[in-house]
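Shown next, in structure tokens, is the structure this report addresses.
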Amino acid sequence: MATDVAPVPGHGTPDAALPFPPEEYRRLVGPTDLDAFDNPTGAPVFAHLPPAAYASVLDFGCGCGRIARRMIQQEPRPARYLGLDRHAGMIEWCREHLSPRAPGFEFQHHDAFHERYNAAGAGSGVPFPVAERSVTLVVAWSVFTHLLEADAVHYVRETARVLADDGVALTTWFLFDKRGFPMMQAFQNALYINTVDPTNAVIFDVDWLREQVHAAGLVVTRVVPPAVRGFQWIVELQRAVPGRASQAFPDDVAPLGIVRAPLD
Ligand SMILES: C[S@@+](CC[C@H](N)C(=O)[O-])C[C@H]1O[C@@H](n2cnc3c(N)ncnc32)[C@H](O)[C@@H]1O
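With my numbering, the residue at position 38 of the sequence shown is 39, and numbering never jumps.
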């Protein structure tokens, strides 16, 4: 593992030392375009969040460091960043190429089972390796969109456990309204599009999501509907405290269109 690499210079300085992940890994997480991994202006990656949100970041399902790389270029950087992913190769790449250039940035293999990507994994229900109420920003970008229902429940609860009192969880979801599918039974809340690998893309009932969030002691503080109907919703979560109301989910009235299918 490389340890002798100089820290990244401030933004605005060309930074040939901060490599991009290889295309085989970029393809696995979605966008192969290098721009999706780059933050040349050094702007906050999530501009609407207060600076305090970046004190302690947990990036669940960090993949090959798309968000980490952009946060490393951010000015100022998060004080602490922990990236978790069940794909051991991508974590190794991030450890070797990103951690040495960014003090405070760590990556850990999350040993959740997946038939193709972590076949020796410990199973489901793996906890986040961080203390209660210790994280100011949980990021789970394009991750709940790939979890089976029981795993999604587990990680909503884990998010609630680790979030600091004023912490924010930034999550994305595919959502549908189960009321339009009366053949679905009470215990059936998710749609799966791929019979070989159900985690390819998972679409959850919006009422079910709201119930899970509230049951975990969280509220929905911000909802950004998709730009193309049926695509990812951004759903921000915070601890339920007096005076912090849960936001409603608007109908998905975005224009119909086609977005690249999620890759498995
Ligand atoms: C579509 S990629 C998104 C990666 C990254 N969040 C981004 O936006 O570039 C989903 C990532 O979540 C990871 N993942 C899915 N389920 C996971 C689990 N249960 N534990 C840890 N990582 C998981 C996958 O290995 C993959 O890297």
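C-beta atoms are modelled at their ideal positions from N, C-alpha and C, and glycine is treated no differently.
Limits of the unbroken alpha helix (DSSP H) element including residue i
i	result
T146	First-last for T146: undefined, no H or E at that position.
R96	89–98
E107	Per DSSP, E107 belongs to no alpha helix (DSSP H); it is in the beta strand (DSSP E), 106–110.
V127	Premise fails: V127 is in no alpha helix (DSSP H) and is neither H nor E.
With 16 other Cβ atoms within 10 Å as the buried cut-off, status of residue i
i	result
L99	buried
A103	buried
A228	exposed
Q248	exposed
R180	exposed
V144	buried
R261	exposed
R27	buried
P10	Low confidence applies to P10: its pLDDT is 42, below 50, so where it sits in the model is not reliable, and the reading given next is rough at best. P10 should be labelled exposed.
R245	exposed
E237	buried
T196	exposed
M184	exposed
T42	exposed
H88	buried
Secondary structure of residue i, DSSP reduced to three states
i	result
R70	helix
V163	helix
V46	coil
A249	coil
L29	helix
V136	strand
E212	helix
E24	helix
V260	coil
According to DSSP, residues forming a beta bridge with residue i
i	result
T172	A141, V236
F205	L176, A191
A228	Answer is none; A228 lacks a bridge partner.
V220	Q239
N119	H115
V197	Paired residues: none, contrary to the question.
Segment limits, beta strand (DSSP E) that includes residue i
i	result
R81	81–86
V58	57–61
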